[in-house]
Amino acid sequence: MRPSIENASYWLATRPDHHPAPRLDGNRNVDIAIIGAGFTGLWAAHFLKQLEPQLDVVVLEQGITGYGGSGRNAGQVSSGIDHTHKLAIAHFGVDEARRMSRVGLQNIEELQQFIRERGIDCDFERSGQLAVALTPAQVTEVHDLVAAAEQLRVAGVRFLSQEETRTELNSPLYLGGVADPGWGIVNPVKLVDGLQRDAERLGVDFFEQTRVRTLEHVSGKIHVQTPAGTVSADKVVLATDVYTHQLFPQLLRRYIPLYDYILVSDPLTVGQLAAIGWRNRQAVVDFRTFFNYYRLTADNRILWGTSEARYYPPNRVEVACDHSEPHYTALRESFRRHFPQLADLDFPYAWGGPIASTTRLTPFFGTLKRGRVLYGLGYTGLGVANSRLVGKILAHMALARPSELLDLEMVQRQPLPYPPEPLRRLAVNAVTVSLRRVDAGGKPGMLLRILDALGIGFSS
Ligand SMILES: Cc1cc2nc3c(=O)[nH]c(=O)nc-3n(C[C@H](O)[C@H](O)[C@H](O)COP(=O)(O)OP(=O)(O)OC[C@H]3O[C@@H](n4cnc5c(N)ncnc54)[C@H](O)[C@@H]3O)c2cc1C
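Positions 209 to 668 (my numbering) are the ones given, in order, by the sequence shown.
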């Protein structure tokens, strides 16, 4: 029997003291209620108080703060909004992709400055990203990616030969790579805790173990119903990401819940670390669609994750999906293929978490209940940095304040929809089979070529 997520996720299990806020008991009347205490809810609270310090804001969380993706991720901090510069161009065109890359870079700079100024101890390191090619076709992609970065005028992205790549991190599988100095790594739960403390200092009230059951529009207010109390709010910010359909099933048109899985090893000895290099401690990904992502923790454990995400029909997001033994076995095997030098390394931590995937791999926004309920979600596995932008956008939307962020096409336009069940599971299966073939070095078949032509492809 695997442990609950609070003890399975390395970040949550090793969390420095967290004393959960009380459950909501009774009724409250507030300006803004935020549902969900992950990165999005915490950043929304931060920006709301920054824009209007007197605002009465509460955050309602069904579990503990950081219970969702924010407490389960790999802690890779992106400097771009889309997964790659090439995908940003495919999804949004060159001009918009250029704007997005500028906004993304500024976002991580501001995030770093915030952490420094507030003295948040969250093991943030601006160590850059290393994207590695594992097949000859992926080496071509490496060149395409560098060209896309140049087209968007993103500085510092450079091609690495096979030898240069293996000097950074010594895997016999690497054929080449790309270095992007923009990215970073962080302990996500320590960042969550730092954000919560900061919001509390600004006067935001938190209620944990408080599941929102329903939202009702009653005479110009939204009544947020929880098991032991109601919050009556002028506006509600849904910061519930992949759980959002449990409150508003209609939003499932725009995303699909998938589960990603991760292992974390024992700390590496000096000798083990020397055997693989990794002196520059980059966040690493490879060029497959179902890629591995990995990084070192502050105490030199290897976090080894896979985006070989699993769909549990029909759109299940629940505790029963938090572990997957087949994924853990496949992760251990893929690790040994990458690093035979460390074949004996043990991985005492293993867990999974849900992501909300959209057809354009980037978040979407909107309102419900006559504009009083706002949402922004769908990070498709890239929300650690992007949640700061989404929180800022939601705060501006809630207070009807101007911001250049509101003009982003990602905010203005929703992604193409996914089919409903039972077609959804059939589509997921068909696309998964095709993508696996490409990841193994094959050519994209008709299905993937059609998706690419529709602008909802995955070719990175
Ligand atoms: C395994 C994994 C690896 C990842 N790796 C990375 C990475 O390396 N880099 C990266 O950028 N992104 C990564 N991500 C994605 C990233 O973690 C998410 O995009 C991000 O955390 C989303 O933050 P959020 O606050 O919107 O959602 P969440 O953190 O999921 O927060 C939503 C919260 O809402 C609460 N909630 C839901 N419904 C209710 C309700 N009815 N009442 C009260 N509360 C409710 C939930 O309990 C939850 O705490 C990863 C995700 C996973 C799962």
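Don't be surprised by glycine CBs; every beta carbon is placed ideally from N, CA and C.
Since we're looking at a predicted model, the values are computed, not measured.
(request) Could you check the C-alpha separation between residue 226 and residue 401 for me, to the nearest Å? (result) A straight-line Cα-Cα distance of about 8 Å links residue 226 and residue 401.
(message) Considering just the uninterrupted stretch of the beta strand (DSSP E) at residue 441, what are its terminal residues?
(response) Per DSSP, residue 441 is one residue of the beta strand (DSSP E) stretching across 437 to 446.
(request) Please report the Cβ distance between residue 282 and residue 288, rounded to the nearest whole angstrom; I am assuming they are in contact, meaning their Cβ atoms lie under 8 Å. (result) Residue 282 to residue 288, Cβ: 16 Å. No contact.
(message) Would you say the beta carbon of residue 470 is closer than 7 Å to some non-hydrogen atom of ligand 1?
(response) yes
(request) List the residues that DSSP assigns as beta-bridge partners of residue 518. (result) Residue 518 is bridged to 467.
(request) Can you have a look at residue 654 and say buried or exposed, based on whether 16 or more other CB atoms are within 10 angstroms of its CB? (result) If you draw a 10 Å sphere on the C-beta of residue 654, you find fewer than 16 other C-beta atoms in it, and that means exposed.
(request) For residue 668, I'd like the list of residues in its chain whose CB is within less than 8 Å of its CB, leaving aside the five on either flank, ordered along the chain. (result) Note that residue 668 scores a pLDDT of 40, beneath 50, so its modelled location is shaky; the value from the coordinates is reported in the next line. Cβ neighbours of residue 668 beyond the five flanking positions: 291, 292, 294, 295, 349, 353, 495, 497.
(request) May I have a chain-ordered list of the beta strand (DSSP E) segments no shorter than 3 residues that lie completely inside the segment 367 to 395? (result) 384 to 388
(message) Beta-carbon within less than 6 Å of residue 558's beta-carbon, same chain only, minus the 5 sequence neighbours each way: which residues are those?
(response) 471, 536
(message) I believe residue 592 touches residue 397 by the beta-carbon criterion, under 8 Å. Please report the beta-carbon distance rounded to the nearest angstrom.
(response) Residue 592 to residue 397, Cβ: 11 Å. No contact.
(message) Under 8 Å, with one C-beta from each stretch per pair, do the segment 359 to 377 and the segment 322 to 329 reach the 3-pair mark?
(response) No, they do not touch.
(message) Rounded to the nearest angstrom, what separates residue 250 and residue 606 at their Cα positions?
(response) Roughly 15 Å between the two C-alpha positions.
(request) Count the other CB atoms, across all protein chains shown, that sit within 10 Å of the CB of residue 423; report buried if there are 16 or more and exposed otherwise. (result) Residue 423 should be labelled buried.
(request) Sort 552, 454, 539, 446 by Cα distance to residue 483 and report the nearest one. (result) 552
(request) Classify residue 425 as helix, strand or coil using the three-state DSSP reduction. (result) strand
(message) Whole angstroms are fine: how far does the CA of residue 217 sit from the CA of residue 473?
(response) The straight-line gap separating the alpha-carbon atoms of residue 473 and residue 217 is approximately 12 Å.
(message) Using only the alpha-carbon positions, how far apart do residue 221 and residue 273 sit?
(response) 13 Å
(request) Assess, as a yes-or-no matter, whether the segment 451 to 469 is touched by the segment 259 to 267 under the definition of 3 or more beta carbon pairs within less than 8 Å. (result) Output reads no: the segment 451 to 469 does not touch the segment 259 to 267.
(request) Give the DSSP-derived three-state secondary structure of residue 668 in the structure shown. (result) For residue 668, the predicted structure reports a pLDDT of 40, less than 50, and the residue's modelled location is therefore unreliable. The matter cannot be settled from this model.
(request) Tell me, to the nearest whole angstrom, how far the beta carbon of residue 248 is from that of residue 447; I am working on the premise that it is less than 8 Å. (result) Their Cβ separation, rounded to whole angstroms, is 4 Å, which keeps residue 248 and residue 447 in contact under 8 Å.
(message) Could you check whether residue 513 and residue 468 sit closer than 8 Å to each other, using their CB atoms as the reference points?
(response) yes
(message) Given the structure, does residue 247 come close to ligand 1, in the sense that its CB is under 7 Å from one of the ligand's heavy atoms?
(response) yes
(request) Starting from residue 508, follow the beta strand (DSSP E) in both directions and report where the run begins and ends. (result) It is not in any beta strand (DSSP E) - residue 508 carries neither H nor E in the DSSP assignment.
(request) Kindly provide the ranges of any alpha helix (DSSP H) runs that are 4 or more residues long and lie completely inside the segment 275 to 321, ordered along the chain. (result) 293 to 300
(request) Look up residue 164 in the DSSP assignment and say whether it is helix, strand or coil. (result) No information on residue 164 is available, as it lies outside the stretch 209 to 668 that the chain covers here.
(message) Helix, strand or coil, according to DSSP, for residue 494 in the structure here?
(response) strand
(message) If I measure Cβ to Cβ from residue 503 and keep anything under 8 Å in the same chain, skipping five residues before and after, which residues do I get?
(response) So the qualifying residues of the chain are 282, 283, 284, 393, 489, 490, 491, 492, 510, 511.
(request) Locate the beta strand (DSSP E) running through residue 607, then write down its first and last residues. (result) From DSSP, residue 607 is part of no beta strand (DSSP E); its letter is neither H nor E.
(message) Extract the residue ranges of the beta strand (DSSP E) inside the segment 569 to 599, only unbroken runs of 3 or more that lie entirely within it.
(response) Runs found: 572 to 576, 581 to 585.
(request) Return the CA-CA distance between residue 539 and residue 617, expressed in angstroms with no decimal places. (result) 36 Å
(request) Go to residue 534, then tell me how far its beta strand (DSSP E) extends in each direction, as first and last residue. (result) Unbroken run through residue 534 is the alpha helix (DSSP H), 533 to 546; no beta strand (DSSP E).
(request) Note down the Cα distance separating residue 211 from residue 561, rounded to an integer number of angstroms. (result) 14 Å
(message) Shorter than 7 Å, the distance from the beta carbon of residue 221 to the closest heavy atom of ligand 1, or not?
(response) no
(request) Say yes only if the C-beta of residue 558 is nearer than 7 Å to one or more non-hydrogen atoms of ligand 1, and no if none qualify. (result) no
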